[in-house]
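In my numbering, the protein residues as written are 51 to 189. For glycine and all other residues, C-beta sits at the position ideal for the given N, C-alpha and C. Because the structure is a prediction, the values reported are computed rather than measured. Heads up: the structure comes next, in structure tokens.
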Amino acid sequence: VVKILTISKHTKQYVSLARLLLINFFMAHLFGSILLGVASLEPAIIGLLDMNQNNTWTEKYLYSIYWATAIMVTVGFGDVVVTSDFEAIIVVCTMLLGCLILSYNISQVAMIWSNFNDYRAELQSDLYLLKRIATVTKI
Numbered sequence: 051v052v053k054i055l056t057i058s059k060h061t062k063q064y065v066s067l068a069r070l071l072l073i074n075f076f077m078a079h080l081f082g083s084i085l086l087g088v089a090s091l092e093p094a095i096i097g098l099l100d101m102n103q104n105n106t107w108t109e110k111y112l113y114s115i116y117w118a119t120a121i122m123v124t125v126g127f128g129d130v131v132v133t134s135d136f137e138a139i140i141v142v143c144t145m146l147l148g149c150l151i152l153s154y155n156i157s158q159v160a161m162i163w164s165n166f167n168d169y170r171a172e173l174q175s176d177l178y179l180l181k182r183i184a185t186v187t188k189i
């Protein structure tokens, strides 16, 4: 029963990677929602989002997720610009938080990769030990 309930070391790393992706999706949603709020405060300004009446809610939401993801991965964009001081403040704050998120992502991926390498080295060491025992005992 205990063996069934224990999670392998590789599975733990895959779970960590999935958790990291979920955190990124949540942060993109959060920043995108903030953008939607800012754009709805100033609907006449065509800056971060084109908030005309023809766009559906899903189009506005998807575009805001695009905006947030572009900032979080620091690739930037040339098709979206700020047009007011309030938008500029929101964008600067999002860029700073995006830099923190990006550095967190890099460190987490490096840690996961390192753990995979550690597990491989541990497995090779165990296999060498078993081979040595088999050789000594002539199994």
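Beta carbon of residue i nearer than 8 angstroms to that of residue j
i	j	result
SER90	ILE162	no
ILE156	MET77	no
Rounded separation between residue i and residue j - CA only
i	j	result
VAL159	THR187	42 angstroms
LYS59	ALA171	13 angstroms
GLN174	ALA138	54 angstroms
LEU179	TYR169	15 angstroms
LEU71	ASP135	32 angstroms
THR185	ASP176	14 angstroms
THR61	ASN105	42 angstroms
Contacting residues, own chain, Cβ-Cβ under 7 angstroms from residue i (five flanking each side not counted)
i	result
GLY82	TYR111, SER114, ILE115, TRP117, ALA118
ASN165	GLN63
Boundaries (first-last residue) of the alpha helix (DSSP H) holding residue i
i	result
ILE140	135-187
VAL88	59-91
ILE108	The question names Ile, yet the displayed sequence has Thr at residue 108. Counting along the chain, the alpha helix (DSSP H) containing THR108 begins and ends at 107-122.
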